[in-house]
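Under my numbering, the letters of the sequence shown match residues 22 to 479, in that order. Built from N, CA and C at the ideal position, the CB exists for glycine as well. Please read these numbers as outputs of a predicted model, since none were measured by experiment.
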Amino acid sequence: MALLIKNGEIVTADSRYVADIYCQSETITAIGKNLTAPPDAEVIDAAGKLVFPGFIDPHTHIYLPFMGTYAKDTYETATIAALCGGTTTLIDFVIPNPDEEPLSAIQTWGSKSEGQACMDFTWHMAITSWDSRVESQLREIVKSGVASFKVFLAYKGALDIGDYGLYHAMTLAKELGVITTAHCENADVVLELQKKLISEGKTGPEWHEPSRPAYVEAEGTRHIAFMSEVTGGHVYVVHLSNEQALSQAIAARQRGVNIWVETLIQYLMLDKSYAERPDFEGAKYVMSPPLRDKANQEVLWNGLRSGLISTLATDHAPFDTTQKRMGIDDFTKIPNGIPSLEDRVRLAYTYGVLPGKLDIHRFVDACSTQAAKIFGMFPRKGTIAVGSDADIVVYDPSHEEVLSAATQHMNLDYNGFEGTPVKGRCAAVTVRGELQVKDGQFVGIKGHGRFIKREPTH
Ligand code: URP
Ligand code: ZN
Ligand code: ZN
22 MALLIKNGEI VTADSRYVAD IYCQSETITA IGKNLTAPPD AEVIDAAGKL
72 VFPGFIDPHT HIYLPFMGTY AKDTYETATI AALCGGTTTL IDFVIPNPDE
122 EPLSAIQTWG SKSEGQACMD FTWHMAITSW DSRVESQLRE IVKSGVASFK
172 VFLAYKGALD IGDYGLYHAM TLAKELGVIT TAHCENADVV LELQKKLISE
222 GKTGPEWHEP SRPAYVEAEG TRHIAFMSEV TGGHVYVVHL SNEQALSQAI
272 AARQRGVNIW VETLIQYLML DKSYAERPDF EGAKYVMSPP LRDKANQEVL
322 WNGLRSGLIS TLATDHAPFD TTQKRMGIDD FTKIPNGIPS LEDRVRLAYT
372 YGVLPGKLDI HRFVDACSTQ AAKIFGMFPR KGTIAVGSDA DIVVYDPSHE
422 EVLSAATQHM NLDYNGFEGT PVKGRCAAVT VRGELQVKDG QFVGIKGHGR
472 FIKREPTH
C-alpha cells in the first residue's frame, strides 16, 4: 500500500526542511510540497513533528550464548522494542564457539531470526578461531552478503582470537574489502587482574571496573590500530568507553590508519558508581568495557559531536537479575551487558540534542547515517531520499515519558535507566513503507523484517 507522510519537518544528517514524503512499493518515491496520494493510501499527519530516517543500531546481541547463559530477548521481542524506540535496522553479531565452524553459527543465527524479525537486520561475522577451514567458510559467508567481521581481543579462553588469528583475519578482511569490528581490551591483563582481585576477596560488582582499567582498553585500541597498519585492513572499534582509548584511536587516524570509533549510550549516561551500588544492585551495571569515571562522559560527547566518534550504538545484551546472580560470589561470573536497544534514540535526543551537546544533524548521523555508510547500506538505509527504503521515524518532540522496566518492550525485568525522564516519542515508525509503530506501541506485522545482504565496501 502507498504511504504519505504530510507536513513533517524532515531532518537528515545534512538537511532540514518541511515537506511531504510519498512511498510506494517499500521505497520513497517523492519528496515535496502538497503531494497527493490515492484514496487507499495510508496518510500520516506529521505537522509539528520531526521526521528522521529510521535509526540504525550497528551493535546488538539478540541471540547470544555467553558466560554460561543466553541473552533474554528473541528476534521478535528485541525488534519490537527497537522499533518502539525508533530503530528500524540493526546489526547483530554471529558468534561461533571457538570450536564451531562459522557456517554452523550462521545457520544457528538464521534459525533464530527466520520469520521473527519485525525490522530489517544484518550481521557482523565474529571470528573466534583460525584455520584453513575457517578461512574458506569466511570467504563463502562474505559472498553471501555478510560484509563485516568481528574480533574479540578480550574474553581470554572464550572468544579471544589471539594475534595469530587476528593477523590472518585482518589480512583476509583486507583482501575481501570488508571492515573488521573489534572489542578492544587486553585479554591477558584482564585475566591477571581478575585473579588478583578475587584472591584478595574483592568479589563484588564494584571490582569489575578495576579489573578492566582504562589502560587495558587503550592498549587494545592501540593494538588493533597497529594490526590495521600491518595488514591494511579497515577497523571499527566497538563500544569505546574512555579518553585514553579515544586518544589512541585519534593518534592512529592521524597516522592515516583507517579506523572508526563507536561509543554507547550507556557510557554517555551512566558511570562506574552505578556498578558500586549496594546489595548486588551494581550487577545490573556490569558490562565490558566497564562503565567509567564520570569525567569521560564529556570527552565522549565531544568526540561524538566532532565526529571523532562516528556512531552511537547500544551493545544491547540483556541478562535479567536472576542471570546476574550467577556472579553473586564472583564478579567475573556476572553476565556482561546493560540493555538499551529501546532507549538509545530518546536518550540521545533528550540528553544530547536538547542541551546542545549534539547538533541535531550529528544526532541523525551518529544514530543512523554513519552506520549505513560504514557498513555498506547507504543510501538504501540511513537517509530520507527518493530511492531509499521507506524506513521513517515521525518523532513527537513534545511528548514526555519516564523510562521504566514496567513499560518497556525489552524482554527484561529491569531497565538500567529506570526513572530517567525522556522528551519525545515515536508517533509513527515505518519499515519499507509498512507502519510498524504508532504512538510508541507496536501495531505492525510480525516477521516483516528482512535480512540485508551487503557488498564489501572497504
Ligand atoms: O558487556 C558486554 N559488552 N556484553 C556483550 C558482549 C560484548 O562484549 O560485546
Ligand atoms: Zn564487546
Ligand atoms: Zn557487543
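Within the segment 349-434, note down every full alpha helix (DSSP H) run reaching 4 residues or more, in order along the chain. The segment 349-434 contains, as complete alpha helix (DSSP H) runs of 4+ residues, the segments 365-369, 381-385 and 391-395 (chain order).
What are the uninterrupted segments assigned as beta strand (DSSP E) that are 3 or more residues long and contained completely in the segment 159-189, given in chain order? Taking only runs of at least 3 residues, the beta strand (DSSP E) segments lying wholly in the segment 159-189 are 169-173.
For I156 and G454, which I take to be in contact (beta-carbon distance under 8 Å), what is that distance rounded to the nearest angstrom? Per the sequence presented here, residue 156 reads as Glu, with Ile not at that position. Not a contact, Cβ separation roughly 40 Å.
The beta strand (DSSP E) enclosing P74, as first and last residue numbers: Unbroken beta strand (DSSP E) run through P74: L71 to P74.
By DSSP's criteria, K459 is part of a beta bridge. Which residues make up the other side? DSSP, once it has assigned bridges, lists A449 and Q462 as partnering K459.
Between the Cα of S134 and the Cα atoms of I473, P123 and T478, which residue gives the shortest distance? Answer by Cα proximity: I473.
Minimum length 3: unbroken beta strand (DSSP E) runs contained in the segment 112-166: If you keep only unbroken beta strand (DSSP E) runs of at least 3 residues inside the segment 112-166, you get 141-147.
If distances are taken between C-alpha atoms only, which option among D417, E63, L187 and L362 comes closest to I101? When only C-alpha atoms are compared, the closest one is L362.
Could you give the distance in angstroms between the alpha-carbon of K305 and the alpha-carbon of E161? For K305 and E161, the gap between their C-alpha atoms comes out near 39 Å.
Identify which residue in R365, G186 and G277 has its Cα closest to the Cα of L159. Ranking R365, G186 and G277 by CA distance to the CA of L159 puts G186 first.
Quick one: any contact between the segment 344-361 and the segment 435-447, if contact means 3 or more CB pairs under 8 Å? By the criterion of at least three beta-carbon pairs nearer than 8 Å, the segment 344-361 is in contact with the segment 435-447.
Can you give me the start and stop residues for the beta strand (DSSP E) that K281 sits inside? The sequence as given places Trp at residue 281; Lys does not occur at that position. Following the DSSP letters along the chain, one finds W281 inside the beta strand (DSSP E) bounded by residues I280 to L285.
What would DSSP say about L261, mapped onto helix, strand or coil? Reduced to three states, the DSSP call for L261 is coil.
I'd like the list of long-range same chain contacts for I116, defined as Cβ closer than 6 Å, with 5 residues on each side in sequence excluded. Its chain contains A147 as the residues whose beta carbon lies nearer than 6 Å to that of I116, once the 5 sequence neighbours on both sides are disregarded; these appear in chain order.
Beta-bridge pairing of A40 - partner residues as DSSP gives them: Per DSSP, G29.
Hey, could you find the ends of the alpha helix (DSSP H) G241 is sitting in? Residue range A235 to T252 is occupied by the alpha helix (DSSP H) that includes G241.
Looking at G465 and L456, is the spacing between their C-beta atoms short of 8 Å? Against a cut-off of 8 Å, the Cβ pair of G465 and L456 comes out as a contact.
Decide if S132 is buried, meaning its Cβ has at least 16 other Cβ atoms within 10 Å, or exposed. Per the 10 Å Cβ criterion, exposed.
Taking the CB atoms as reference points, tell me whether T332 and Q391 lie closer together than 8 Å. Cβ atoms of T332 and Q391: closer than 8 Å.
Please classify M191 as buried or exposed, where buried requires at least 16 neighbouring CB atoms within 10 angstroms. By the neighbour-count criterion, in which a residue is buried when 16 or more other Cβ atoms sit within 10 angstroms of its Cβ, M191 is buried.
Closer than 7 Å: is that where the CB of N357 sits relative to any heavy atom of ligand 1? Under cutoff, so the answer is yes.
C-alpha gap between E230 and S294, whole angstroms: Cα to Cα, E230 sits roughly 10 Å from S294.
Are A175 and A338 close, meaning C-beta to C-beta below 8 Å? Contact: no.
Considering Cα atoms alone, identify which of W130, T110 and T149 is closest to P119. The shortest Cα separation from P119 among W130, T110 and T149 belongs to T149.
Residues near ligand 3, CB to any non-hydrogen atom under 7 Å, in chain order? Having a Cβ closer than 7 Å to some heavy atom of ligand 3 are H80, H82, F114, H204, V259, H260, D336 and A338.
What did DSSP end up calling E297 once you bin it into helix, strand or coil? Taken through DSSP and simplified to helix, strand or coil, E297 comes out as helix.
Can you tell me whether H229 is helix, strand or coil according to DSSP? If DSSP states are grouped into helix, strand and coil, H229 belongs with the helices.
Residue range of the alpha helix (DSSP H) that includes T343: Counted as a single uninterrupted DSSP element, the alpha helix (DSSP H) harbouring T343 occupies residues T342 to K345.
Have a look at the DSSP bridge pairing and note the partners of L24. L24 is bridged to C44 and E63.
Are there three or more Cβ pairs, one per stretch, closer than 8 Å when the segment 49-67 is compared with the segment 25-34? The segment 49-67 vs the segment 25-34: in contact.
Touching or not, the segment 122-130 and the segment 392-403, by the rule of three or more beta carbon pairs under 8 Å? Note that the segment 122-130 does not touch the segment 392-403; fewer than 3 beta-carbon pairs, one per stretch, sit closer than 8 Å.
In the DSSP assignment, the beta strand (DSSP E) including A334 goes from what residue to what residue? For A334, the enclosing beta strand (DSSP E) begins and ends at T332 to A334.
To the nearest whole angstrom, what separates the beta carbons of D35 and K54, a pair I think is in contact under 8 Å? No, D35 and K54 are not in contact; Cβ-Cβ is about 20 Å, not under 8 Å.
I'd like to confirm something about F396: is its beta-carbon nearer than 7 Å to some heavy atom of ligand 1, or not? With a threshold of 7 Å, the Cβ atom of F396 does not count as near ligand 1, since no heavy atom of the ligand is closer than that.
Write down the C-beta distance between G198 and P477 rounded to the nearest angstrom, noting that I regard them as a contact closer than 8 Å. Rounded to the nearest angstrom, the Cβ distance from G198 to P477 is 4 Å, consistent with a contact under 8 Å.
Below 8 Å CB to CB, which residues in the same chain sit around V443 once its five sequence neighbours on both sides are set aside? The beta carbon of V443 sits closer than 8 Å to those of D364, R367, L368, Y370, T371, E421, E422, V423 and L424, all from its chain and outside the five residues before and after it, given in chain order.
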